[in-house]
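These notes are about the structure you will find just below.
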Amino acid sequence: MKMEGSTGGMPHRPAPPRPAPKPGRVKVVRALYKYTAQNPDELSFQEGDLLYVFDEVTDSNWWKARCGTETGLIPSNYVENHTEEMDCPLHEASRRGNLVFLRECLHQGVSGTGLDQTGSTPLYWASHGGHLHCVTELLNLPNPAVNAQ
1 MKMEGSTGGM
11 PHRPAPPRPA
21 PKPGRVKVVR
31 ALYKYTAQNP
41 DELSFQEGDL
51 LYVFDEVTDS
61 NWWKARCGTE
71 TGLIPSNYVE
81 NHTEEMDCPL
91 HEASRRGNLV
101 FLRECLHQGV
111 SGTGLDQTGS
121 TPLYWASHGG
131 HLHCVTELLN
141 LPNPAVNAQ
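FYI, in UniProt numbering the residues of the sequence shown are 1 to 149.
The structure is reproduced here in C-alpha cells:
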C-alpha cells in the first residue's frame, strides 16, 4: 500500500544550493545584440558593450549586470557564451592603467589589497606602470596596502 504523497520510500531532499561567486572575480561579457529594457528592473545595452556580471546564479536566463553606471537584469542569451573570468581583474586594471575598469572592480567588491600570483598588490602594479590616476584611487581606499621594499 502506497501512502498519499509518498515518493516510494525515498525521502525528498532539496537540491544543494548553487555555489556563490568567488570574491575577487569579475565576469565580463560582451553584448552580441542591442537590447532595450522591457521592465524597470532590466538593463538596456548596445551591441558590443562590455557588461560586468555579478549574479548569474539566481536565474540562468536573466543575469544581474552593470553597464556604465546602470545596473539591471540582462538576457543571458544576448551576450557571448565564451568568456573568461579574471582571477585578478583589479591587478590587471592597475597594470594597464584602466581607471574605469579599476573602479568597476572595486564597485563589484574586488579587494583592493589582494595579492596576485607574484605576491603583488594592485597598488604595486599601478605604481610600477606610472599610472598616477590609478595609484591615487587605490590610496584613497580604506587601509591601502603600502609596502616600501
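Glycine included, C-beta positions come from ideal geometry on N, C-alpha and C.
| Check | Outcome |
| --- | --- |
| Other residues of its chain near G76: CB distance less than 6 Å, five sequence neighbours each side excluded | First, the residue type needs correcting, since residue 76 is Ser and not Gly in the sequence shown. Taken in chain order, the residues that qualify are N61, W63. |
| Beta-carbon proximity check, Y78 vs Y35, cutoff 7 Å | yes |
| Cα-Cα separation between F101 and Q38, rounded to whole angstroms | 27 Å |
| Same chain only: Cβ atoms within 8 Å of L32, ignoring 5 sequence neighbours per side | E47, Y78, V79, E80 |
| Where residue 151 falls: helix, strand or coil (DSSP) | Lying before the first or after the last residue shown, residue 151 is absent from the chain, which here runs from 1 to 149. |
| Cα-Cα separation between P21 and V29, rounded to whole angstroms | The predicted position of P21 is uncertain, since its pLDDT is 49 and thus under 50; a value taken from the coordinates is nonetheless stated next. Rounded to the nearest angstrom, the two C-alpha atoms are 16 Å apart. |
| CA nearest to the CA of D116, picked from R95, R103, N140 | R95 |
| Residue from N98, H131, H91 with nearest C-alpha to residue 158 | This structure cannot speak to residue 158, because the chain is shown only from 1 to 149. |
| Runs of alpha helix (DSSP H) wholly within the segment 88–128 (minimum 4 residues, chain order) | 89–96, 99–107, 122–128 |
| Residue from G119, G109, C105, G68 with nearest C-alpha to C134 | C105 |
| Same chain, Cβ closer than 7 Å to Y52, neighbours up to 5 away in sequence not counted | V26, V28, A65, R66, E104, Q108 |
| Candidates G130, M86, N143, L43, of which the one nearest G97 by Cα | G130 |
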